[in-house]
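Student:
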Amino acid sequence: MALEFERPILDLEGKIRDMRAYAEEQEIDLGEEIALLEARLERLKTSTFEGLTRWQRVQVARAPGRPTAFDYLEHAFEGFEELHGDRTLGDDPALVTGLAQLDGRSVVVVAQQKGRDTKENIHRNFGMSHPSGYRKAMRMFDLADRFRLPVVTLIDTPGAYPGIAAEEQGQAWVIAASIRRMSRLRVPALSVVIGEGGSGGALAIGVANRVAILENATYSVISPESCAAILWRDATEAPRAAEALRLTAHDLQEVGVVDRVIAEPPGGAHRAPGQTIREVARVLREEIAALRDGDPDAWTSQRRARFRALGRVTDHPALGA
Amino acid sequence: MALERWFRRNKPTRSDDDATPAGLWVKCDGCGAQIYRKDLVANLSTCPECGHHYRVTVEERIAMLADDGTFEPWSGDLAPTDPLAFVDTEPYPDRMERVQRKQGRPDAIQTGAATMGGTPVALVVMDFFFAGGSMGSVVGEEIARAAERAAVEGRPLVAVTASGGARMQEGALSLMQMAKTTVALEALVDAGLPYLVVLSDPTTGGVTASFATLGDVVFAEPGALICFAGPRVIQQTIKQELPEGFQRAEFLLARGMLDDVVPRAELKGRLVRTLQLLQDRPVDRGEGDGTSPPDLEASEVSEASEASETSASIEPSSGEEGTARGA
Chain A
7 MALEFERPIL DLEGKIRDMR AYAEEQEIDL GEEIALLEAR LERLKTSTFE GLTRWQRVQV
67 ARAPGRPTAF DYLEHAFEGF EELHGDRTLG DDPALVTGLA QLDGRSVVVV AQQKGRDTKE
127 NIHRNFGMSH PSGYRKAMRM FDLADRFRLP VVTLIDTPGA YPGIAAEEQG QAWVIAASIR
187 RMSRLRVPAL SVVIGEGGSG GALAIGVANR VAILENATYS VISPESCAAI LWRDATEAPR
247 AAEALRLTAH DLQEVGVVDR VIAEPPGGAH RAPGQTIREV ARVLREEIAA LRDGDPDAWT
307 SQRRARFRAL GRVTDHPALG A
Chain B
-7 MALERWFRRN KPTRSDDDAT PAGLWVKCDG CGAQIYRKDL VANLSTCPEC GHHYRVTVEE
53 RIAMLADDGT FEPWSGDLAP TDPLAFVDTE PYPDRMERVQ RKQGRPDAIQ TGAATMGGTP
113 VALVVMDFFF AGGSMGSVVG EEIARAAERA AVEGRPLVAV TASGGARMQE GALSLMQMAK
173 TTVALEALVD AGLPYLVVLS DPTTGGVTAS FATLGDVVFA EPGALICFAG PRVIQQTIKQ
233 ELPEGFQRAE FLLARGMLDD VVPRAELKGR LVRTLQLLQD RPVDRGEGDG TSPPDLEASE
293 VSEASEASET SASIEPSSGE EGTARGA
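Residue numbers (the working numbering), protein chains in the order written: chain A, 7 to 327; chain B, -7 to 319.
#1: For the region 238 to 268 of chain A, list the beta strand (DSSP E) runs that are entirely contained and at least 3 residues long, ordered along the chain.
#2: Check the Cβ of His226 of chain A against every Cβ in chain B and list those closer than 8 Å, keeping chain order.
#3: If you follow the alpha helix (DSSP H) that Ser129 of chain B is in, where does it begin and where does it stop?
#4: Does the distance from the C-beta atom of Ser155 of chain B to that of Thr195 of chain B stay below 7 Å?
#5: Could you tell me the distance, in whole angstroms, from the CA atom of Lys260 of chain B to the CA atom of Ala275 of chain A?
#6: My assumption, with CB atoms under 8 Å, is that Arg111 of chain A sits in contact with Phe147 of chain A. Please give the rounded CB distance.
#7: Which residues, in chain order, does the region 166 to 199 of chain B contribute to contact with chain A at a C-beta distance below 7 Å?
#8: Check distances from the C-beta atoms of the region 306 to 321 of chain A to those of chain B and list, in chain order, the residues that come in under 7 Å.
#9: Determine the extent of the alpha helix (DSSP H) in which Ile151 of chain A is found, giving its start and end residues.
#10: Please tell me whether Cys23 of chain B has its Cβ less than 7 Å away from any Cβ of chain A.
#11: For the beta strand (DSSP E) that contains Met160 of chain B, what are its first and last residues?
#12: Where DSSP assigns a beta bridge to Ile218 of chain B, which residues make up the other side?
#13: Could you work out which residues of chain B lie near Glu202 of chain A, taking near to mean beta carbons separated by less than 8 Å?
#14: State the DSSP-derived secondary structure class of Arg97 of chain B, mapped to helix, strand or coil.
#15: Rounded to a whole number of angstroms, what is the C-alpha to C-alpha distance between Gly204 of chain A and Glu12 of chain A?
#16: Quick one: using the 10 Å Cβ neighbour count with 16 as the cut-off for buried, is Tyr28 of chain B buried or exposed?
#17: Is Ala71 of chain B close to chain A? Criterion is C-beta to C-beta, closer than 7 Å.
#18: Looking at Gly41 of chain B: is its Cβ nearer than 7 Å to the Cβ of Ala25 of chain B?
#19: Consult DSSP for Arg240 of chain B and reduce its assignment to one of helix, strand or coil.
#20: Strictly below 8 Å CB to CB, what residues from chain A border Asp80 of chain B?
#21: Using a Cβ-Cβ cutoff of 7 Å, what residues of the region 207 to 220 of chain B are near chain A? List them in chain order.
#22: For the region 40 to 63 of chain A, which residues have a beta carbon sitting closer than 9 Å to at least one beta carbon of chain D?
#23: I'd like the ranges of any alpha helix (DSSP H) spanning at least 4 consecutive residues and lying wholly in the region 37 to 90 of chain A.
#24: When you compare only the Cα positions, how much space is there between Ile15 of chain A and Ile268 of chain A?
#25: Which residues in the same chain as Ile211 of chain A place their Cβ atom closer than 6 Å to its Cβ, once the five residues preceding and following it in sequence are excluded?
#26: Specify the secondary structure class of Ile170 of chain A as computed by DSSP and reduced to three states.
#27: For a contact defined as C-beta to C-beta under 9 Å, what are the partners of Pro83 of chain B on chain A?
#28: Would DSSP call Leu165 of chain B helix, strand or coil?
#29: Going by DSSP, which residues form a beta bridge with His45 of chain B?
#30: State the CB to CB distance for the pair Glu162 of chain B and Gly215 of chain B, rounded to an integer number of angstroms; the pair is presumed to be in contact (CB under 8 Å).
#31: Between Met160 of chain B and chain A, is any beta-carbon pair separated by less than 7 Å?
#32: Kindly say whether Thr49 of chain B, judged by its beta-carbon, lies nearer than 7 Å to any beta-carbon of chain A.
#33: Give the straight-line distance between the Cα atoms of Asp35 of chain A and Ile22 of chain A, rounded to the nearest whole angstrom.
#34: Alpha carbon to alpha carbon, how far is Gln95 of chain B from Val117 of chain B? Give it in angstroms, no decimals.
#35: With distances taken between CB atoms, is the gap from Gln119 of chain A to Thr54 of chain A smaller than 7 Å?
#36: Could you give the first and the last residue of the continuous beta strand (DSSP E) run that contains Ser205 of chain A?
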């Protein structure tokens, strides 16, 4: 499935394929022509993706074929062992946890998993956790402290699930508790927004010492659709809402919400999953190594200070001192 | 989250302006009874007939909780910025300026010091009538500063929440206030000081999912809507009717989410006693409003008649517990 703005790229890719086939069939050498078209393709990808609107990036962040948490757990980490269950109510498939290694050293992983197809999406509730998922995450934070293992979280959710059972089981309470529990970790923590950072449901596992985000991922207080429905009473105004919310990686880096933007291959992560996973794997190792080198007594206070500092206020002229 | 405007525009059962409805006579939203407006105000903005709790202003809230004349404001010198240059139907700074003028404060929060039943406390009161009590950078910062100053001054913190959630006009920075307020509360934890919360109608979204539910003790007012996702969002998601009383205080109490649902007339007394109990101090049983929590009623019959002075700022005295309860 192609996103609308990808059409010219896919058309050109089709042309190159046809030309190759034709050259083979006719046994002629079109190498030069093909090389020219390939160079043009690269330029087109780069210019298209540099000029994406915020709404287009939202679509890339949600695109089918984009690597999901499991793709990273299986290929960017070593020896991932999934651990299940919140020990209270159940096991939430939308939030996956376990142990893994980076460069032969163990880490605790907490990750939001969307489906890679419709069937898995239904099983994973499209990456939208119930309270059980956040309880499982908190159990992992306990485990991390107990064994002095760094925590890596992978964020990819439209948001915490808005349903009857979720509310009855205290969705708000458990998100607040998870924010608090993660802020109290005595070990270093790294969060990577790999797709959608949907509001409180994302922040619940995002209170890390360092927060990185993939170039075409988003992180927002509200989805563009919901924002548009509220502000303009029309969900089709989502593109306008996406613009207004400034929810792209670079927007977020500007206001200090994220510390690092991880480049995606031209054409987006969904067109080059392997390359994306390799780049994330490299960044994970680099970031965790740097965090391990930090002062062990300062991880908690550094994390507290990081989030305490976020926000923009000014003196109030009329009522000010 | 960020449902403040949803609440303002859809008005499911109550309007933004129904704190204490205008006019000499008021038709109760809860039971339809005709109430003399002065009786409603005198009764802490609860219906004398059915106990329906109206939303109250910050001033009314402070008057009913702080000992008379003891409230000293802390907040007021911080104002919001426009980090995203956000424009919806009007530019965010214009919207803020209008609301600031209407509400007479720079953002949706008032913090300060006071005594409650003689105990020094820090008070945080959210202003639902200011942009739906939405939490942006200023609200988050004022809460954080109040928690930190309370810790330094050795005061327990009492917060009364009323909010549509995070303020979307400040984007992800509003979202981050959830983490900021949470980490700032650690100052109270470190200092061994209590943090009590009263969830009032409505408390939703990012406020519920952060400092509002992190109290050492969490009370709610009768009938208050308390949720993460609003009822309409859920209905749109699941396309089913919601159960009776869904996301209301009593519903949440039954599911173990609250320490108690406390009628307004009993609120100050319950807060004062809880602070005394948590801090292992003698419990002043006549403190507050002259009413007793239900589990103590049997052993405290004699004291019910002694109306105390601590809620004198709301006069006449509000001994309507029989009708206020059970809403």
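We treat Cβ as the ideally placed atom computed from N, Cα and C, and that holds for glycine.
This structure is a prediction, so every number in the text was calculated from the model and none was measured.
Tutor: To lay it out plainly:
#1: Within the region 238 to 268 of chain A, the complete beta strand (DSSP E) runs of at least 3 residues are 266 to 268.
#2: The sequence shown places Ser at residue 226 of chain A, rather than the His named in the question. Gly163, Ala164 and Leu167, listed in chain order.
#3: From DSSP, the alpha helix (DSSP H) with Ser129 of chain B extends over Ser129 to Glu145.
#4: Taking 7 Å as the Cβ cut-off, Ser155 of chain B and Thr195 of chain B qualify as a contacting pair.
#5: Spanning the alpha carbons of Lys260 of chain B and Ala275 of chain A requires a straight line of approximately 56 Å.
#6: That pair is no contact at about 18 Å.
#7: Cβ contacts with chain A: Ser166, Leu167, Met168, Gln169, Met170, Ala171, Lys172, Thr174, Val175, Ala176, Glu178 and Gly198.
#8: Within the region 306 to 321 of chain A, the residues whose Cβ lies closer than 7 Å to any Cβ of chain B are, in chain order, Arg310, Phe313, Arg314, Leu316, Gly317, Arg318, Val319, Thr320 and Asp321.
#9: Sequence check: residue 151 of chain A is Asp here, not Ile. Membership of Asp151 of chain A in the alpha helix (DSSP H) is indicated by the continuous run Pro137 to Phe153.
#10: Closer than 7 Å: no.
#11: Boundaries for Met160 of chain B: no beta strand (DSSP E) harbours it, and the DSSP string shows neither H nor E there.
#12: Secondary-structure assignment with DSSP links Ile218 of chain B through a beta bridge to B:Thr195.
#13: Neighbours of Glu202 of chain A in chain B, taken as residues at a C-beta separation under 8 Å, are lacking, since the least C-beta distance is about 13 Å.
#14: In the structure shown, Arg97 of chain B sits in coil (DSSP, three-state: anything other than H, G, I, E or B).
#15: Straight-line Cα distance between these residues: approximately 25 Å.
#16: Exposed, since its Cβ has fewer than 16 Cβ neighbours within 10 Å.
#17: Cβ-Cβ to chain A under 7 Å: yes for Ala71 of chain B.
#18: A quick correction: the sequence has Glu, not Gly, at residue 41 of chain B. Contact flag set, yes.
#19: Strand.
#20: Within chain A, the C-beta atoms nearer than 8 Å to that of Asp80 of chain B come from Leu237, Trp238 and Ala250, in chain order.
#21: Per Cβ criterion, the list reads Cys219 and Phe220.
#22: You won't find chain D in this structure, because its protein chains are A and B.
#23: Within the region 37 to 90 of chain A, the complete alpha helix (DSSP H) runs of at least 4 residues are 37 to 56, 60 to 67 and 75 to 81.
#24: About 23 Å.
#25: Val116, Ala143 and Thr159, listed in sequence order.
#26: The DSSP-derived three-state label of Ile170 of chain A is helix.
#27: Chain-order list of chain A residues neighbouring Pro83 of chain B: empty, with the shortest C-beta distance near 11 Å, by a criterion of under 9 Å.
#28: For Leu165 of chain B, the three-state secondary structure derived from DSSP is helix.
#29: According to DSSP, His45 of chain B bridges with B:Thr38.
#30: For Glu162 of chain B against Gly215 of chain B, the beta-carbon gap comes to about 30 Å, at or over 8 Å, which does not count as contact.
#31: Put simply, the CB of Met160 of chain B is near chain A, with a gap under 7 Å to one of its CB atoms.
#32: Among the residues facing chain A, Thr49 of chain B is not included, as its CB has no counterpart in that chain under 7 Å away.
#33: Distance between the alpha carbons of Asp35 of chain A and Ile22 of chain A is about 13 Å.
#34: Straight-line Cα distance between these residues: approximately 14 Å.
#35: No, the Cβ-Cβ distance between Gln119 of chain A and Thr54 of chain A is not below 7 Å.
#36: Per DSSP, Ser205 of chain A lies in no beta strand (DSSP E) segment; the continuous alpha helix (DSSP H) that holds it begins and ends at Ser205 to Leu209.
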